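All remarks here apply to the structure that follows.
Number of protein chains: 2
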Amino acid sequence: MRTTVNIGYEIRGKRSPGRPRSERAHQAILSCTLKFLESKDNGFANLTIENIAAEAGVGKATVYRWWPTKAALVADAFASSVTQKLHFQDTGSVRKDISLQMRQLIKILRSRRGHLVSAILGAGQSDKTLIRAFRERFLKPRRAEAYATLRRGVARGELAADLNPDLLLDALYGPIYMRFLIGHSTLTPAFVDDLCDLVFAGAEARELPVPSRSLANASGAHGAD
Amino acid sequence: MRTTVNIGYEIRGKRSPGRPRSERAHQAILSCTLKFLESKDNGFANLTIENIAAEAGVGKATVYRWWPTKAALVADAFASSVTQKLHFQDTGSVRKDISLQMRQLIKILRSRRGHLVSAILGAGQSDKTLIRAFRERFLKPRRAEAYATLRRGVARGELAADLNPDLLLDALYGPIYMRFLIGHSTLTPAFVDDLCDLVFAGAEARELPVPSRSLANASGAHGAD
DNA sequence: TTAGATTCGATACAGAGCGTCTTAGATTGA
DNA sequence: TCAATCTAAGACGCTCTGTATCGAATCTAA
Numbered sequence: 000m001r002t003t004v005n006i007g008y009e010i011r012g013k014r015s016p017g018r019p020r021s022e023r024a025h026q027a028i029l030s031c032t033l034k035f036l037e038s039k040d041n042g043f044a045n046l047t048i049e050n051i052a053a054e055a056g057v058g059k060a061t062v063y064r065w066w067p068t069k070a071a072l073v074a075d076a077f078a079s080s081v082t083q084k085l086h087f088q089d090t091g092s093v094r095k096d097i098s099l100q101m102r103q104l105i106k107i108l109r110s111r112r113g114h115l116v117s118a119i120l121g122a123g124q125s126d127k128t129l130i131r132a133f134r135e136r137f138l139k140p141r142r143a144e145a146y147a148t149l150r151r152g153v154a155r156g157e158l159a160a161d162l163n164p165d166l167l168l169d170a171l172y173g174p175i176y177m178r179f180l181i182g183h184s185t186l187t188p189a190f191v192d193d194l195c196d197l198v199f200a201g202a203e204a205r206e207l208p209v210p211s212r213s214l215a216n217a218s219g220a221h222g223a224d
Numbered sequence: 000m001r002t003t004v005n006i007g008y009e010i011r012g013k014r015s016p017g018r019p020r021s022e023r024a025h026q027a028i029l030s031c032t033l034k035f036l037e038s039k040d041n042g043f044a045n046l047t048i049e050n051i052a053a054e055a056g057v058g059k060a061t062v063y064r065w066w067p068t069k070a071a072l073v074a075d076a077f078a079s080s081v082t083q084k085l086h087f088q089d090t091g092s093v094r095k096d097i098s099l100q101m102r103q104l105i106k107i108l109r110s111r112r113g114h115l116v117s118a119i120l121g122a123g124q125s126d127k128t129l130i131r132a133f134r135e136r137f138l139k140p141r142r143a144e145a146y147a148t149l150r151r152g153v154a155r156g157e158l159a160a161d162l163n164p165d166l167l168l169d170a171l172y173g174p175i176y177m178r179f180l181i182g183h184s185t186l187t188p189a190f191v192d193d194l195c196d197l198v199f200a201g202a203e204a205r206e207l208p209v210p211s212r213s214l215a216n217a218s219g220a221h222g223a224d
């Protein structure tokens, strides 16, 4: 299943004969998919290939040629939209670095882009391709950055060295995703602050910093599915 | 929209004339819906009313008569299946009471019943009726029990009295739901233990127990949607 | 310049499932 | 008995699916 944004032709100057793929059509399809999913009451369920094709001024077969399923299309649209505005700073304080990024995340989740995330995660519950795309293209890169941030905190003695980084990150981000997906309570900056107060209180170093073991190989800490 | 399990007839002995509703058909429909959603690769998306009707040996119109949408049917099926095996004990330790219940929860989520939960939460992302049904019928009753458990902990001086109960509960259960829905890591009893270690460390009382304010009116702490 | 390859937009097609409706029969209270 | 309400079965028009076909367009290679 094709789930990568891959123009497919013109690799090292070589190009197979034939009419080249229309980049205009490609972009129009992804753009219309994003626009559809970001709008108010639309979700994965009522997105139809026919609508997207018509909206993009494209033949239906052109969509099916490049994306075998609706899920693959949405996954690519999501990947092409992943914001670059979600980074960790280096303020000298882990707690500050992370809470700032958490604030950025809830801002995105509460914006129109949030609809896209809930569409992906929602449809992902019955389509493993989608949820995998979310993990690989969204979660994993951000985790990699977070690991680096945590390692800085350990080196500065702010965090316990033997703390499991995935445990800490899930404790911080899990409540955000839970509130986002279940909607039983609001996602506010004050909530982020309180959450950080609570979780970091249990994550602080209680002895002098020692060479980290569990954080040293943090990037390999992803468990199986 | 009808989303309550309501037999509808025979209220206070009064019954309108006409053939009574077939309880056999009613139960067969709910049962087949549950069976379908609990099986391996089935989700809300590929559940069809026609299949359910055929499987239950029931006319399609009989389904539509009682449930206006697929979502209402699934919500009712879910409500009729909500296990009674998910309660909090009173061991004398909040941490123990809650971690035991968390272990029960992950056991359910990892079982066939977990498919039902992910189907509800997944489809709920594009159907507010469903996600509301989950909150009202599953989350809220369990939260009410959890508040009581936390109050006991405050009274015993195990928890800080000024701690927001929803914050603490989201910090504990959010990571479970996140792992369950995103699947980036596993839901094991060891994870529950580590998570409790981390979160309760920040929730412990650091002064003598005082009369609780935020926990006193905990049952009214649910925010807006 | 030409032949072959590949894509394009458009549309036709069969199939699945939707939600409504009709039918004929069953079961109740008045 | 009769009106009311339910039942199972399935016909109906509709939308969307995913595939196939069409002539036109655009590229490489000979």
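Residue numbers (numbering that gives the first Met the number 0), protein chains in the order written: chain P, 0 to 224; chain Y, 0 to 224. Cβ atoms here follow ideal geometry from the backbone N, Cα and C, with glycine treated the same way. Computed from a predicted structure; not experimentally measured.
Residue environment, residue i, which counts as buried when at least 16 other CB atoms sit within 10 Å
i, result
"residue 169(P)", "buried"
"residue 2(P)", "Annotation note: pLDDT 36 at residue 2(P) (below 50); position unreliable, coordinate value reported separately. Residue 2(P) should be labelled buried."
"residue 69(P)", "buried"
"residue 212(P)", "Summary for residue 212(P): the model assigns pLDDT 44, below 50, so the residue's position carries little reliability, and this model does not support an answer."
"residue 161(P)", "exposed"
"residue 38(P)", "exposed"
"residue 201(P)", "buried"
"residue 242(P)", "Because chain P in this structure spans residues 0 to 224, residue 242(P) falls outside the shown range and cannot be described."
"residue 148(Y)", "buried"
"residue 146(P)", "buried"
"residue 21(P)", "exposed"
"residue 143(P)", "exposed"
"residue 52(Y)", "buried"
"residue 17(Y)", "exposed"
Residue i - containing alpha helix (DSSP H), residue span
i, result
"residue 84(P)", "Taken as a continuous stretch (DSSP letters only), residue 84(P) belongs to no alpha helix (DSSP H), as it is neither H nor E."
"residue 49(P)", "48–55"
"residue 103(P)", "93–109"
"residue 128(P)", "127–133"
"residue 145(P)", "139–154"
"residue 30(P)", "22–37"
"residue 60(Y)", "59–65"
Residue i at chain P interface by Cβ criterion, 8 angstroms
i, result
"residue 163(Y)", "yes"
"residue 183(Y)", "yes"
"residue 177(Y)", "yes"
"residue 70(Y)", "no"
"residue 152(Y)", "no"
"residue 44(Y)", "yes"
"residue 173(Y)", "yes"
"residue 130(Y)", "yes"
"residue 201(Y)", "yes"
"residue 78(Y)", "no"
"residue 113(Y)", "no"
"residue 170(Y)", "yes"
"residue 180(Y)", "yes"
Sequence-distant residues of its chain with Cβ nearer than 7 angstroms to residue i (five each side left out)
i, result
"residue 175(Y)", "101, 104, 105 and 186"
"residue 27(P)", "55, 56 and 57"
"residue 123(P)", "129, 130 and 133"
"residue 194(P)", "171 and 174"
"residue 121(Y)", "42 and 43"
"residue 49(P)", "59"
"residue 199(P)", "94"
Same chain, Cβ closer than 6 angstroms to residue i, five either side skipped, listed in chain order
i, result
"residue 15(P)", "none"
"residue 35(P)", "41 and 46"
"residue 61(Y)", "24"
"residue 184(Y)", "178"
"residue 85(Y)", "103"
Cβ of residue i within 8 angstroms of any chain Y Cβ
i, result
"residue 124(P)", "yes"
"residue 117(P)", "yes"
"residue 133(P)", "yes"
"residue 138(P)", "yes"
"residue 198(P)", "yes"
"residue 35(P)", "no"
"residue 160(P)", "no"
"residue 193(P)", "yes"
"residue 189(P)", "no"
"residue 108(P)", "no"
"residue 156(P)", "no"
"residue 166(P)", "yes"
"residue 121(P)", "yes"
Same chain only: Cβ atoms within 8 angstroms of residue i, ignoring 5 sequence neighbours per side
i, result
"residue 99(Y)", "87, 88 and 90"
"residue 82(Y)", "107 and 112"
Length-filtered (4 minimum) alpha helix (DSSP H) runs lying within the stretch 179–207 of chain Y: Runs found: 188–202.
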